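Protein chains: 2
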Amino acid sequence: MKRYCFGIDIGGTTIKCGLFDVKGTVLEKWEIPTRTENNGSYILPDVADTISDKIRERDLDREEIAGVGLGIPGPVNEEGEVPAAVNLHWGYVHIVSQMERLTGLDVKAGNDANVAALGEMWKGGGAGYHNVVLITLGTGVGGGIIVDGQILTGTHGAGGEIGHIHITDSVEENCNCGNRGCLEQVASATGISYLAKRRLAKDDAPSILRSREITAKEVFDAVKENDAVALEIADEFGKYLGLALANVAGVCDPEIFVIGGGVSKAGPILLDFIKKYYREYAFLPCKETQFALAELGNDAGIYGAARLVI
Amino acid sequence: MKRYCFGIDIGGTTIKCGLFDVKGTVLEKWEIPTRTENNGSYILPDVADTISDKIRERDLDREEIAGVGLGIPGPVNEEGEVPAAVNLHWGYVHIVSQMERLTGLDVKAGNDANVAALGEMWKGGGAGYHNVVLITLGTGVGGGIIVDGQILTGTHGAGGEIGHIHITDSVEENCNCGNRGCLEQVASATGISYLAKRRLAKDDAPSILRSREITAKEVFDAVKENDAVALEIADEFGKYLGLALANVAGVCDPEIFVIGGGVSKAGPILLDFIKKYYREYAFLPCKETQFALAELGNDAGIYGAARLVI
Chain L
0 MKRYCFGIDI GGTTIKCGLF DVKGTVLEKW EIPTRTENNG SYILPDVADT ISDKIRERDL
60 DREEIAGVGL GIPGPVNEEG EVPAAVNLHW GYVHIVSQME RLTGLDVKAG NDANVAALGE
120 MWKGGGAGYH NVVLITLGTG VGGGIIVDGQ ILTGTHGAGG EIGHIHITDS VEENCNCGNR
180 GCLEQVASAT GISYLAKRRL AKDDAPSILR SREITAKEVF DAVKENDAVA LEIADEFGKY
240 LGLALANVAG VCDPEIFVIG GGVSKAGPIL LDFIKKYYRE YAFLPCKETQ FALAELGNDA
300 GIYGAARLVI
Chain H
0 MKRYCFGIDI GGTTIKCGLF DVKGTVLEKW EIPTRTENNG SYILPDVADT ISDKIRERDL
60 DREEIAGVGL GIPGPVNEEG EVPAAVNLHW GYVHIVSQME RLTGLDVKAG NDANVAALGE
120 MWKGGGAGYH NVVLITLGTG VGGGIIVDGQ ILTGTHGAGG EIGHIHITDS VEENCNCGNR
180 GCLEQVASAT GISYLAKRRL AKDDAPSILR SREITAKEVF DAVKENDAVA LEIADEFGKY
240 LGLALANVAG VCDPEIFVIG GGVSKAGPIL LDFIKKYYRE YAFLPCKETQ FALAELGNDA
300 GIYGAARLVI
């Protein structure tokens, strides 16, 4: 009988590892550094070694291990291949077959944002739901979409890449993706500070933000202090993200939107700004779709990775 | 062995029926009227009767019939229930169990736009693909999304309802859905004639459209005659639809977009206007996604309905 599995979240600097039972209880968490030297060729052997060490240390029966799930910062196709993962210094890697050879265990792999969405569906803000959209508001805007319990990967691995939905003609700078007016430019942590600077430069309206370093956190702290300019900025952010999510609902109509990433630490007030505009723009049958904050933080990836093999 | 199946597309005025072999060859097509009297209570018995008549007429062995697929102008949930279908004068109908009782055959049902998408994937413009978005440009804008060969129904049956994506702040009238600035208001046949009237009213620029009845067909006929104003109108239409589809790609990343409905009779030139803006706005990995015209016309529904039971 299968009793255990490993959930591994490979990031650009750290590899997060989790040993889980098959019900989804994390038994142990640990990290190892990501060695990107030599075109990232040490990464998979390092992961295999740490799994092997853990099996030995805990004297686990390999027959009882359901497998190893991997979250990767890059696209993973249905055949378990990664065409390229810039942050790992990887070109093409057939990650599933390589890891199966290295570990002798069953392996599944997915894009990290999609895997995190699966984790939040399983044990986080989307628990109990099977149609979930996770939006991660960090340096960028990431997204992962779960339809009937399965990751929506997309043809080019771009399923759920809602950070690059065009949402406004008001931005003159290019996005990292090369387009202009992407959701990421106005709804990520970076995007919120962009909106704040743009608003503050517009006129001399008094604001506590003028004496502070402009970050997404400071903006929402100022919102909580009822700063009028900060409220305007949060409202503009909410309009872009609410509109984008209304349009996402018109495509995949989830049961719940789960909002995670550093910006979500602002708490429930963040959802108020998003929901206000979501409800204005959403198609009637979707207006009451649920919203929740993510709950697993940086562990969403290891939970989702583990879920891949159960 | 299963050799046959029925594909039934229930519309507000006509019920289209098809007898298929399980490879998807249509053996016979026919129609019966939709009797909406008495809260539409005759509709399902009428369908059961026409199936029964056909089985008798052709002396089919019921053991060889895979089942009956139904396309419905309204949402159908995963349990095979229709909460309401306005055009059929229906309130709640458990359509699958009712039809199974009436026919003694296996029954599956889906929303007509989704079922048409399945038909186009199976035997039409999306043949050979498994991740397909069908957009139907008729009186409204309908949509159906196929992911890995399966219809993306959505939590409220609104999966693929891209006609109600908010796409522009430039429209002052309300959409039938109650919102404002929906794709349907500027990209359906009605929407194109709205754009045409708005453009013609803006100034006195000469155009052959000024002497014609303003319809989507006339606009694209004038485009083919190189009428400058018609080109502007088609360009504006292309901008809205191209942008909307770029955003759809950022959610579900299909292999191909298939464009159907009456407006698609304009032919390949229609795709040129859409693709121009799609490629501008789409996220890099999705910029080369394929576009095709639908091929099954009004038969997409019976093909897709048949496909439901195979």
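Protein sequences appear in the order of chains L and H.
Everything in the first sequence is counted per numbering that gives the first Met the number 0, starting at 0 for the first residue and increasing by one.
Everything in the second sequence is counted per numbering that gives the first Met the number 0, starting at 0 for the first residue and increasing by one.
Using N, Cα and C, we set each Cβ at its ideal position, and we do this for glycine too.
Given the structure is predicted, the values throughout are model-derived calculations rather than measurements.
Interfacial residues, the segment 272 to 286 of chain L to chain H, with Cβ spacing under 7 Å: Y280, F282, L283, P284 and C285: these are the residues of the segment 272 to 286 of chain L whose beta carbon lies less than 7 Å from some beta carbon of chain H, given in chain order.
Interface residues of chain H facing A221(L) [CB-CB closer than 7 Å]: In chain order: nothing, as chain H lies at least about 28 Å away.
Contacts of H165(H) in chain L (Cβ-Cβ under 8 Å): Going along chain L in sequence order, the residues near H165(H) (Cβ under 8 Å) are L242, A245, N246 and Y280.
Interface partners of A157(H) on chain L, CB under 8 Å: What A157(H) touches in chain L: A248, G249, D252, F282, P284 and C285.
H165(L) in three-state terms, based on DSSP: Three-state result, H165(L): strand.
Neighbour-count burial assignment, W89(L), 16 or more Cβ in a 10 Å radius: Using a 10 angstroms sphere on the CB of W89(L), the tally of other CB atoms reaches 16 or more, which defines it as buried.
is_contact[N178(L), chain H] using C-beta, thresh 8 Å: So yes, N178(L) belongs to the interface.
Where N173(L) sits in the DSSP three-state scheme: N173(L): coil per DSSP, three-state reduction.
Through-space distance from L230(H) to I71(L), alpha-carbon basis: Spanning the two alpha carbons is a distance of roughly 46 Å.
Boundaries (first-last residue) of the beta strand (DSSP E) holding C16(H): Run containing C16(H): T13 to D20, per the beta strand (DSSP E) assignment.
Where W29(L) falls, given that 16 or more other Cβ within 10 Å makes a residue buried: Exposed.
Cβ-Cβ separation, S192(L) to T138(L) (assumed contact under 8 Å), whole Å: That pair is no contact at about 11 Å.
Rounded separation between F236(L) and K216(L) - CA only: For F236(L) and K216(L), the distance between alpha carbons rounds to 13 Å.
contact_flag[the segment 287 to 301 of chain L, the segment 49 to 56 of chain H] where n(CB pairs < 8 Å) is 3 or more: Under the three-pair Cβ rule at 8 Å, the segment 287 to 301 of chain L does not count as touching the segment 49 to 56 of chain H.
Opposing strand residues paired with I31(L) [DSSP bridges]: Note: I31(L) sits in a beta bridge opposite I14(L).
A108(H) versus E63(H): straight-line alpha-carbon distance, rounded: Their backbone Cα atoms lie some 20 Å apart in a straight line.
C-beta contact flag for H163(H) and F19(L) at 8 Å: No, these two residues do not count as a Cβ contact at 8 Å.
Cβ-Cβ distance between A304(L) and G148(L) below 8 Å: Taking 8 Å as the Cβ cut-off, A304(L) and G148(L) do not qualify as a contacting pair.
Contacting residues, own chain, Cβ-Cβ under 8 Å from G180(L) (five flanking each side not counted): Beyond the five residues adjoining it in sequence on each side, G180(L) comes within less than 8 Å, by CB distance, of H165, I166, T167, D168, S169, V170 and C174 in the same chain, given in chain order.
Contact set between N76(L) and chain H, taken where Cβ atoms lie within less than 8 Å: In chain order: nothing, as chain H lies at least about 11 Å away.
Pick from L292(H), L295(H), A293(H) and K275(H) that is closest to K286(H), judged by C-alpha positions: A check of alpha carbon separations from K286(H) across L292(H), L295(H), A293(H) and K275(H) identifies K275(H) as the nearest.
Secondary structure of A221(H), DSSP reduced to three states: In this structure, A221(H) counts as helix in the three-state DSSP scheme.
Listed by chain order, chain H residues near L151(L) by CB distance under 7 Å: Simply V146 and C251.
is_contact[N130(L), chain H] using C-beta, thresh 8 Å: Closer than 8 Å to some Cβ of chain H, the Cβ of N130(L) qualifies, so yes.
Spatial distance of I207(H) from D234(H) (CA atoms): Between I207(H) and D234(H), the C-alpha separation is close to 17 Å.
Among K22(L), I14(L) and G73(L), nearest to A47(L) - alpha-carbon criterion: Closest by alpha carbon: I14(L).
Separation of V222(L) from A291(L), as counted between CA atoms: Each residue's alpha carbon lies about 20 Å from the other.
Contacts of I161(L) in chain H (Cβ-Cβ under 9 Å): Going along chain H in sequence order, the residues near I161(L) (Cβ under 9 Å) are N246, G249 and V250.
Neighbour list for T102(L) in chain H, Cβ cutoff strictly below 8 Å: When 8 Å is used as the limit between beta carbons, T102(L) is near no residue of chain H, the shortest such separation being about 28 Å.
Chain L contacts from the segment 29 to 48 of chain H (Cβ-Cβ distance under 9 Å): Those would be none; no residue qualifies.
Neighbourhood of E294(L) by C-beta, 6 Å cutoff - its chain only, sequence neighbours within 5 removed: Within the same chain, G123 and G124 come within 6 Å of E294(L) by CB-CB distance, once the 5 residues on both sides are set aside.
Beta-carbon proximity list for G190(H), same chain, < 7 Å, skipping 5 on both sides: Once the five neighbours on either side are set aside, the close Cβ partners of G190(H) are E183 and Q184.
Cutoff 8 Å: T138(L) Cβ touching any chain H Cβ: It does not: the Cβ of T138(L) has no partner Cβ on chain H nearer than 8 Å.
E160(L) vs G249(H) beta-carbon contact at 8 Å: Yes, the pair counts as a contact, with Cβ atoms nearer than the cut-off.
Among I134(L), P253(L), D226(L) and E254(L), the one whose alpha carbon lies nearest that of V262(L): Relative to V262(L), the option among I134(L), P253(L), D226(L) and E254(L) whose CA is nearest is I134(L).
Cut-off 8 Å between Cβ atoms - residues of its own chain near D105(H), not counting five sequence neighbours on either side: Within the same chain, D105(H) has close Cβ partners A65, G66, V67, E99 and V308.
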